[in-house]
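Here the sequence shown is numbered in my numbering, starting from 648 and rising by one per residue.
Backbone N, C-alpha and C define an ideal beta-carbon position, used for all residues, glycine too.
Structure record follows, encoded as structure tokens.
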Amino acid sequence: MQDEPVSLEEQFALLKKENAKLKMESSLRKSLANELEKQKVISEEARRAALSTAEELKSLSLNLSRYVSPQIYKKVFDDQGDVQLNSSRKKLTIFFSDIVGFTQITEELESEDLTDLLNEYLNAMATIAIRHGATIDKYIGDAIMIFFGDPESSGTSQDAKKCIEMAIEMQEFISKNASDWVERHALNRDLEVRMGISTGYCTVGNFGSDDRLDYTVLGNTVNLASRLESNARPGAILISTETYKVTKGEFHFDDGRSYNLKGLQAPVKAYEVLHNGEGKSSVAFTGRNIELKIKKEGLNQQEVDDAIEFLKDLSN
């Protein structure tokens, strides 16, 4: 049986239906293409936003790292969970330094010049400190507080050794650059720094409130280091007996003497680190109103006679 021929009306209806189907498919393709393009744009915007956020976080992280010592920064971001108020007892070596006559320097320099000098000085000291593995606790004006033994420690004696090595390098740097600082910053005298070091048990950790924390150290050892710094000669490094005990085979020291330190009832014996060629070739005398240091090496007879005459004049 043959199929009946399709009428023109039926052919037209089929074509119309097929055309509608094609139009729908075309419309769907266009919609899909538009949606893909839209998703592509959204994806690109998200990628750029993520990169921008990453750059912002990187910049924020870099800025934050400048406010804390590298070791503390690493400890905070490596620790799991929130940073909490906690502390521990450890044997540390504490360091304090202070520029001699800084108050007078602040009166002599304009604030911009003072800022340039102080930032240059602190940057140099911080570079040396970090190179020796120190934890920089804080800057207090021109004063610097540093400790060794937390969060990373090489052992008590090695921590103390690193601290003294750091202090010696700092003094050598200051001595080497003193005349340059005088010239460039119009100072009336060479920059000199006192340094004090003490070793002993401290409480170290986070102190503060729920809103603001300070990672620092507390204890008698900290106070002693600060007092020793205040009593050190300009350009000298004064260390506690405990620091001397754990490093006495590593450096040259004077014979030590007793100091009456503010806030302490009994005299405290402390030792001066001999550096820059100091040692048996030099001798120092200190008193209530006098500081006299004589480097015997290289003295000629005329200089000896002049020194004797000067001392004789003082006694008259």
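For my contact list, VAL893 and THR846 are in at a C-beta cut-off of 8 angstroms; report their separation, rounded to the angstrom. 6 angstroms
C-alpha distance - ASP797 paired with GLU682, whole-angstrom precision: 57 angstroms
Every unbroken alpha helix (DSSP H) inside the segment 815-892 [4 residues or more]: 867-878
Under three-state DSSP, which class holds SER674? helix
If you drop the 5 nearest sequence neighbours on each side, which residues of the same chain put their C-beta closer than 8 angstroms to that of THR753? LEU761
Note down the Cα distance separating PHE794 from ARG836, rounded to an integer number of angstroms. 30 angstroms
For a quick check, are the C-beta atoms of LEU875 and PHE900 less than 8 angstroms apart? no
Contact check, SER873 vs PHE743 under 8 angstroms by CB: the rounded distance? 5 angstroms
Taking the CB atoms as reference points, tell me whether THR740 and THR890 lie closer together than 8 angstroms. yes
Please classify VAL747: does DSSP put it in a helix, a strand, or coil? coil
Which residue or residues does DSSP assign as beta-bridge partners of ALA969? Because the chain is modelled from 648 through 963, residue 969 falls outside the range shown and cannot be assessed.
Does the structure place the segment 776-783 close enough to the segment 800-820 that three or more beta carbon pairs sit under 8 angstroms? yes
Determine the contact status of ASN878 and LEU885, defining contact as a CB-CB distance below 8 angstroms. yes
List the endpoints of the continuous alpha helix (DSSP H) containing GLU767. 758-778
For ARG904, is the classification buried or exposed, using 16 other Cβ atoms within 10 angstroms of its Cβ as the cut-off for buried? exposed
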